[in-house]
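Asker:
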Amino acid sequence: MGDPKSMSSNEKPSLSSILPEILNDIISHLSDDLPSLSKWCRTSRQFYSVLSPIIWSHLDLQTSALTSGITIHAIHDSSQNQEDIDRSHTSDVRPVKHFPNPLLDGTDAQVSLRLAQHVERMSLVPHPSSWCKTSFNEPSSFFPNLRVLDLCLDNNRFHNDDPTPRGRPSEKAPCKLLRRMNPDRLIVRLRSDSGLNMNDDIIPQQIWKSPKRIIVVSRCLPSSITHFHPYHGSTTSLPNLRSLTFILQPSEITVETPRKPLVLILLSLLRDFKDINICIVGKLDQKSNTSPAADLRQLLSQEEQVSTVCLEMAKHLKQMGWNAEAILQIQGKLSFTPLREWVRDKKNWADVFPLKQIQDWVNTIDQNG
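Mapping of the sequence shown onto our numbering: residues 316 to 684, in sequence order.
1) When we look at the beta-carbon of N339 and count the other beta-carbons within 10 Å, is it buried (16 or more) or exposed?
2) Short check: CB of V463 to CB of V596, under 8 Å?
3) When the Cα atoms are used, what is the spatial distance from D348 to F651?
4) Could you pull out every residue in the same chain whose Cβ sits closer than 8 Å to the Cβ of A641, ignoring the five residues on either side in sequence?
5) With DSSP collapsed to three states, give me the class of H433.
6) Can you tell me the Cα-Cα spacing of I591 and Q644, whole angstroms?
7) Output needed for P368: all residues of its chain with C-beta closer than 6 Å, excluding positions within five of it in sequence on either side, in chain order.
8) So, for W676: in the same chain, excluding its five sequence neighbours on each side, which residues have a beta-carbon less than 7 Å away from its beta-carbon?
9) Measure the C-alpha to C-alpha separation of S583 and L468 and round it to an integer number of angstroms.
10) Report back the beta-carbon spacing between S353 and I370 to the nearest angstrom; my notes put them in contact at under 8 Å.
11) In angstroms with no decimal places, state the Cα-to-Cα distance between V621 and L366.
12) When burial is assigned at 16 or more other CB atoms within 10 Å of the CB, is A431 buried or exposed?
13) With distances taken Cα to Cα, identify the nearest neighbour of N683 among K598, H373, W523, D587.
14) For D375, write down the residues that DSSP places opposite it in a beta bridge.
15) Using only the alpha-carbon positions, how far apart do P554 and E627 sit?
16) Compute the distance between the beta-carbons of I522 and D465, then report whether it is under 8 Å.
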């Protein structure tokens with residue numbers, strides 16, 4: 316390459332053409348570095364307009380860090396004018412402290428929609444029980460571009476065990492914020508071994524109608540599968556569902572029952588979701604404190620255990636009168652994949668989980684050997 320000073324004006328690359336390319340490259344590498352992007356937002360209106368969608372694309376509401384008993388109305392101080400709100404968003408990368416109230420109308424609603432339209436992924440960890448009350452007005456359409464909703468559930472009830480003064484569980488209605496969401500992909504994280512029941516009235520039934528893919532992240536097998544019940548026993552409550560994945564977290568997996576009941580549970584799942592691809596992600600060779608067959612399972616490799624499960628499934632189906640072709644067809648809807656192999660294929664998680672989640676799982680797998 317020649318001396319830049321000797322280049323003619325036609326040979327010199329223009330700064331206006333280089334700068335966007337450089338910035339785009341830098342921004343692409345900083346997409347997960349919200350503090351840095353937030354600082355850039357404060358430098359100019361142009362940066363703010365370019366970077367705001369990136370900052371807001373993933374809204375992570377760490378509700379457990381909020382003041383006890385906070386309601387969704389308390390998230391936004393309605394006394395702020397629009398400039399204050401804009402300034403707060405560019406100076407604080409924790410939007411939970413300043414996020415506009417989606418349940419209000421007028422100016423607040425306009426500001427909410429302006430910011431919420433950038434949100435493509437939302438995490439609610441956990442969902443506050445104080446948001447499940449009947450006193451809220453019905454919100455307008457919110458988060459129109461939301462693709463992924465990540466919920467953390469506890470005992471199926473969104474913390475519905477909060478006692479009233481009389482010591483009885485308080486009555487709550489389905490959260491109206493969730494009711495208006497239509498994600499393509501739904502992540503449900505289970506903190507306990509009670510599983511997931513769609514008949515729970517605290518989970519808005521609307522939330523199940525839109526996802527094409529549901530991923531259940533749990534620590535227990537088979538309870539996370541046992542309690543996965545379609546609404547009113549009918550898969551018509553999941554009209555768009557095409558894929559159902561159960562991920563067993565590598566640091567917390569427990570296998571609670573001998574393999575034979577697991578086979579029956581899987582057969583029940585295949586019966587309920589016969590047109591849906593089901594994938595069990597995680598190792599099946601974990602020790603159990605409750606199963607007498609735990610030591611035997613520890614002697615089997617992952618491949619041997621999967622093979623044994625499939626053989627037992629075929630045996631049960633044959634006893635029920637199924638022919639070989641039908642057995643192969645239904646078994647083709649079920650797959651078992653170790654977590655390490657699952658994360659290697661970026662297509663499995665790129666449109667669902669952030670990279671940090673995958674890195675945490677990989678690090679845990681490496682530590683556990």
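Backbone N, C-alpha and C fix where the C-beta goes; we use that ideal spot for every residue, glycine too.
Bear in mind the structure is a predicted one, so any value in this text is a computation, not a measurement.
Answerer: Taking the definition as stated:
1) exposed
2) Contact: no.
3) 34 Å
4) L632
5) coil
6) 12 Å
7) H433
8) P565, L654, V658
9) Near 23 Å, if we compare the C-alpha coordinates of L468 and S583.
10) 7 Å
11) 47 Å
12) buried
13) For the residues K598, H373, W523, D587, the minimum Cα distance to N683 belongs to K598.
14) S438
15) 30 Å
16) no
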